[in-house]
Amino acid sequence: MAGFGDLVQKAFYLGVGLASYAGEKAGGKLGELRVQAQKLADELVAKGEMSTEEARRFVDDMVNRAQQPGATPAPEPTSSEPRRIEILSDDEEPTKAETQNVDNLRQQVMDLQEELRRLERE
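The structure is reproduced here in C-alpha cells:
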C-alpha cells in the first residue's frame, strides 16, 4: 500500500507542477501582450490619433479581454457550399465613357505640353 500512496502523492505533485507551469506561461503571455499593446498605444499617442487616457483604457481593455475565458474568436462555421467569388477580367472592353475620359485627359496633356513649350520660348 505504501507504493500506492507514493503514486498518488507523485500524481498530485505533477498536477501542482503543471498548474504552476501553466500559470507562469499564461502570466508571461499576458506580460508580452501588455508590452505589445503599450507599444501600439504609445505609437498612436505619438501620432496624435489617441489621447493618453484613451491609450491607458485601450491597454487595460486588451489585457482584460485576454484574461477572459473564451477570449479566442470562435471559428466561422464552414458551409457545405463553395463560397461565391467574382472573377474580374482584364479582357473586358472599356466603355464609351471611359474611352472618352481617356481622350479628354490626353488632349489636356497635349494642351499643357504646348503651353509649356510656348512659355519656354518667351
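Heads up: the sequence shown begins at 5 in the working numbering, then just goes up one per residue.
Cβ atoms here follow ideal geometry from the backbone N, Cα and C, with glycine treated the same way.
What is the DSSP secondary structure of D95, counted as helix, strand or coil?
If DSSP states are grouped into helix, strand and coil, D95 belongs with coil.
Using 8 angstroms as the threshold, is the C-beta distance between A41 and V49 below it?
Contact: no.
Rounded C-alpha distance that separates Q72 from A45:
Spanning the two alpha carbons is a distance of roughly 21 angstroms.
Measuring straight from C-alpha to C-alpha, what distance separates E126 and Q112?
Roughly 21 angstroms separates the two Cα atoms.
Reducing DSSP to helix, strand and coil, say where Q42 ends up.
When secondary structure is reduced to three states using DSSP, Q42 falls in the helix class.
Is DSSP giving S55 helix, strand or coil here?
In the structure shown, S55 sits in coil (DSSP, three-state: anything other than H, G, I, E or B).
Let me know if V39 comes out buried or exposed under the rule of 16 or more other beta-carbons within 10 Å of its beta-carbon.
Its Cβ having fewer than 16 others within 10 Å, V39 is exposed.
Classify D115 as helix, strand or coil using the three-state DSSP reduction.
In the structure shown, D115 falls within a helical segment according to DSSP collapsed to helix, strand and coil.
Give the straight-line distance between the Cα atoms of L109 and R122, rounded to the nearest whole angstrom.
So the two alpha carbons sit approximately 20 angstroms from each other.
Are the CB atoms of V127 and L37 nearer to each other than 8 angstroms?
This structure cannot speak to residue 127, because the chain is shown only from 5 to 126.
Just the Cα atoms here: how many angstroms apart are K29 and F62?
Their backbone Cα atoms lie some 23 angstroms apart in a straight line.
Just the C-alpha distance for D10 and L18, rounded to the nearest angstrom, thanks.
Using only the alpha carbons, I get a separation of about 12 angstroms.
When burial is assigned at 16 or more other CB atoms within 10 Å of the CB, is E119 buried or exposed?
Label assigned to E119: exposed.
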